[in-house]
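Residue numbers (UniProt numbering): 1 to 1107.
Cβ atoms here follow ideal geometry from the backbone N, Cα and C, with glycine treated the same way.
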């Protein structure tokens, strides 16, 4: 057959109609060709078209006429080649660079393709291709024999393309498929695995919607047309999949690894780093002798230095550890502005940051009719600007300095002039050289009781003149911190301009160049569209709409233009802290050495050798201390096994000679997690590696061997090597001897051998199977009948308490005690001793307290002991045992630290005191201090009042105590009430004068429905003749919430007598002025406050702190 390509044929429609351009991208060059096929049946399984030269590439069609991995669909791909050394002869590639082993395909439904052809307004021709990609191999296995691929230079080309198969003579009858791709060294071709059904290409079928009326292959002939637009890749990452992407190589910068949810931290750190003056100032902080794990300044110095010098992304674990953060903090997403403020506060103690980051603003109230002004000047580190209902940054600044007129009922109270009309506002006295602007994208929605994100379009300029807003100058945008997502989930990244001409995106561990439109247009947000507009969108358009709507700038960093030279001062090697440079260099050398050691260790075994000497006099489970056991503790054992580093190629004979033993046993773990003899190494000429491999230890790098030096000859299959332990008169079970015995020997014979050496040995035997299983062995049974194997342990004793001694070994643990820092009237000061004790987990409190008392030289009855876990402190009850306060299957690793308190009264008396918690409300009903008291149950409320007043340092006879149940007022507490009678209720206290003739109503707080009560329920006095408006003002004063938030509370009155509701928020101002609450309600009626519970925290929320 003859293959030839021609100029692009007429397909019945202009190219622009068949194949709309991407409006957002610039086309470098475009062109097309038609491949005329005259004998379809003669095509190879994989057929390659002749090349078409465009833009320095030769473009081929890879055609699979019988399908690629499916014989149902025609598969078509295009492939550009930057080199021109290929030849195509009769559709076969000769001397050509091989195609990618992982050709990407686009699979689409034919119905979706027909829809796309009908939609003339579709701006993205690749929607169908983008929607359902899958990776396949477009090549035959015999094509994969090119040896030059690894030496090929990196290359890439971004192209938008279509492939059209048309019917010869009627080329307007066709199928059009389009897509786009970034072709490169590893992804050399891209196309369609299900271009069209083969049966429909070759045969006629009935005309139906969106289907062709006839086949496209006529008498073995068809035309395949290709049109390619090479797209200008301005950023170098257009349509990049970031596989094997090297940020340092491409951009010169490195990113920061995300620990889980630390993207907000990463974006802020990169912003700090490129503020070069700040970086230089951080380098200048004296940190010699400090530890990066607890020094924020040193950890930041190291991070900045590595950002300058490293070729790979950085871990921020060291920095967050210096903050005092744990894993939970790393997986908790926080607010960038909050972190910025806290971190600046922390660093301000080490360096002067005011000149760079701090501006000044003046808040003022100026009277209109008299010459009187009240003002104060405050520092600011950032400016929080409203976004809602604002179009751009300029409007937000205007809103910030907008003047509020105080007149009418809102007049300003002056000193000496009374109420006056006045103007209230803010003016900026100065802006800092580095200006942080927080865009208030999040606000509280009172209707839904949660934060919501404002996604509306909000524009910010590349430069802004701040002189209209105060004493400002021209500022240029330096960084944009972006949040993509909603209030609950999202991702932070930063757009930063390190130089004057190029923006970069710093997205965790990746950095790449971006266009200005990506910085500005893509981060303005997007106004919400109507449901009708959304319904008309294609799937791709809707996805893009959602992304644009949820992606927006959250913080902006502007640099004063006149201060740029100072802010972006050069940072050179002489600025690097020498200690940091030297330490990191040393750590790199140690890391290289460690890796070399690891590599070297692959040729060696780490051998631990134990002997009968190690076994004898050893007290504990197994043959010798098992470091992998949860019962292992280094304090228990003095001796250590012989440690050897041995080549894997060493023979067994060489190792026996080196150790000086006659036999070597390999030890292994049994199902009971005990370490026992496993196999004897009896092939002297075999290498250790082959011996270990033979017994299933091929992958091990370390091993434990038992050196057997007994005088017996070779051990036969009828013998076993047993380890004998003895319980002696000192109540300790220790190793006695390794004994080689016949399987036919009786246990009584073994007993007789041991009894010759141990006086008073009783004829009882136990087998130590595991720490949790000690079994009696019949002394008249044989070794074989008892199913004993080499490495098993038998124990004899001089008394019958063997199991009790084993129980102590199993349940012994070490407790470490320190003095409690808790303050209490019942705790004696002056005790600060720290000590450790070995005890049984089954010991009683009395037994444990007596041991502690001996250390402290106090009466044990006056000791309080506390187990201190991460989730709380748990005092030990005087009638309890220790096992209630440690995990059931404990290991030494999870034993908590313990604290002690020396009491002024016996613990039993303290336990009988009643614990009372009181919410002390000093001046409002929003904030309270929780005070805790312990008093005898027979005490009265009067006694509690005395203690409370002493605690808060007050003297008053007007102290009121009342109770709440489920956040609802229950009643006042009289002085003679016995504390024993107060159970499971909340006690509140406030100094409040009450009179007999007062009318007091109950205030109840709730949100939306009356069963969702919250906060403190309290008494509120109604004043005769006071209208609703004045009463509301007085309530606001005593309640304690700010004016703005209080104004959003919905107030209602309820009368029990009339069963009427009075919704104050529905009243007009005239009704509020004319209505008196005193006349509507009686004492004990209710004033309801409908508002969200601000004290409620979301599960998983963690406050941000830096230690």
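So residue 805 and residue 733 are in contact, right, with Cβ under 8 Å, and what is the actual spacing, rounded? That belief holds up - the Cβ atoms of residue 805 and residue 733 are roughly 5 Å apart, short of 8 Å.
Counting pairs of beta carbons, one from the region 286-305 and one from the region 512-521, are three or more of them closer than 8 Å? No, the region 286-305 does not touch the region 512-521.
Residue 662 versus residue 886: straight-line alpha-carbon distance, rounded: Near 46 Å, if we compare the C-alpha coordinates of residue 886 and residue 662.
Does the region 232-249 come close enough to the region 264-274 to have 3 or more Cβ pairs within less than 8 Å? The region 264-274 and the region 232-249 do not touch, with fewer than three beta-carbon pairs separated by less than 8 Å.
What residue ranges within the region 288-338 form continuous alpha helix (DSSP H) runs of no fewer than 4 residues, ordered along the chain? As far as the region 288-338 is concerned, its whole alpha helix (DSSP H) runs of at least 4 residues are 296-309, 317-322, 327-330.
Residue closest to residue 260, alpha-carbon to alpha-carbon, out of 658, 492, 785: Ranking the options by Cα distance to residue 260, first place goes to 492.
Cβ contact check for the region 979-991 and the region 910-917: 3 or more pairs under 8 Å: Counting Cβ pairs under 8 Å, three or more are found: they touch.
Between the beta-carbon of residue 483 and the beta-carbon of residue 558, is there less than 9 Å? Not closer than 9 Å, so no.
Local Cβ density within 10 Å of residue 603, reported as buried at 16 or more and exposed below that: Looking at its Cβ environment, which holds fewer than 16 other Cβ atoms inside 10 Å, residue 603 is exposed.
Residue 912 lies in the alpha helix (DSSP H); which residues open and close that run? Its alpha helix (DSSP H) spans residues 907-912.
Taking 7 Å as the limit between beta carbons, can you name the residues of its chain near residue 968, skipping five residues before and five after? The residues are 1004, 1013, 1017.
Would you call the region 500-513 in contact with the region 245-254, where contact means no fewer than 3 C-beta pairs closer than 8 Å? Contact annotation: the region 500-513 touches the region 245-254, with at least three C-beta pairs closer than 8 Å.
Inspect the beta-carbon positions of residue 60 and residue 79 and report whether they are closer than 9 Å. A contact, by the Cβ cut-off of 9 Å.
Scan the region 621-656 and note each continuous beta strand (DSSP E) run of 3 residues or more that stays entirely inside, going in chain order. Taken in chain order, the unbroken stretches of beta strand (DSSP E) that lie wholly in the region 621-656 and span 3 residues or more are 642-647.
Where residue 973 sits in the DSSP three-state scheme: Here residue 973 sits in coil by DSSP.
Go ahead and pull the three-state DSSP assignment for residue 1113. The chain is shown from 1 up to 1107; residue 1113 falls before or after that span and cannot be answered.
Can you have a look at residue 790 and say buried or exposed, based on whether 16 or more other CB atoms are within 10 angstroms of its CB? Residue 790 comes out buried.
Whole-angstrom distance between residue 731 and residue 634, CA atom to CA atom: Their Cα atoms are separated by approximately 21 Å.
For the region 622-632 and the region 652-659, state whether three or more C-beta atom pairs, one from each stretch, are separated by less than 8 Å. Between the region 622-632 and the region 652-659 there are fewer than three inter-stretch CB-CB distances shorter than 8 Å, so the stretches are not counted as touching.
When DSSP builds the beta bridges, which residues end up paired with residue 616? Residue pairing by DSSP puts residue 616 in a beta bridge opposite 735.
Is residue 1109 buried or exposed, if buried means 16 or more other CB atoms sit within 10 Å of its CB? Since the first residue of the chain shown is 1 and the last is 1107, residue 1109 is not available in this structure.
What are the start and end residues of each continuous alpha helix (DSSP H) run of 4 or more residues lying completely inside the region 723-809, in chain order? Counting only runs of 4 or more, we get 747-755.
Endpoints, the alpha helix (DSSP H) within which residue 263 is located: First-last of the alpha helix (DSSP H) with residue 263: 263-273.
Between residue 26 and the rest of its own chain, which residues show a CB-CB distance below 8 Å, the 5 nearest in sequence each way excluded? Cβ within range, chain order: 231, 232, 234.
Give me the Cβ distance between residue 5 and residue 49, rounded to the nearest whole Å; I'm assuming they're in contact under 8 Å. Residue 5 to residue 49, Cβ: 7 Å. Contact.
Counting only C-beta atoms, is residue 844 closer than 9 Å to chain C at any point? Protein chains in the displayed structure number just one, and chain C is not present.
On the three-state DSSP scale, how would you describe residue 1055? Three-state DSSP puts residue 1055 in a strand.
Please check the pair residue 667 and residue 705, which I expect to be a contact at CB under 8 Å, by giving their CB distance rounded to whole angstroms. Taking the Cβ atoms as the reference, residue 667 lies roughly 7 Å from residue 705, within the contact range of under 8 Å.
Bridge partners - residue 609, DSSP secondary structure assignment: As computed with DSSP, residue 609 is found in a beta bridge with 642, 705.
Thinking residue 73 and residue 198 are a contact (beta carbons under 8 Å), I'd like their distance in whole angstroms, please. Yes, they are in contact, since the Cβ atoms of residue 73 and residue 198 sit about 7 Å apart, within 8 Å.
For residue 912, the nearest candidate out of 924, 939, 1039, 1028 (CA to CA): Between residue 912 and the set 924, 939, 1039, 1028, the nearest pair of CA atoms involves 939.
Return the chain-ordered list of same chain residues with a C-beta closer than 6 Å to the C-beta of residue 610, the five sequence neighbours on each side being excluded. If we look at residue 610 and ignore the five residues flanking it on each side, its Cβ neighbours are 624, 641, 706.
Among residues of its own chain, excluding the 5 on either side of residue 664, which ones have a beta-carbon nearer than 8 Å to its beta-carbon? For residue 664, where only same-chain residues beyond five positions count, the Cβ hits under 8 Å are 652, 655, 656, 680, 681, 705, 706, 707, 708.
At the level of alpha carbons, what is the spacing between residue 925 and residue 960? Taking the straight line joining both Cα atoms gives about 14 Å.
Would you mind working out which of 823, 737, 1070, 743 sits nearest residue 756, comparing C-alpha positions? Selected option, being the one with the closest Cα: 737.
How would you label residue 674, buried or exposed, when you count the other beta carbons within 10 angstroms and need 16 or more for buried? It counts as buried.
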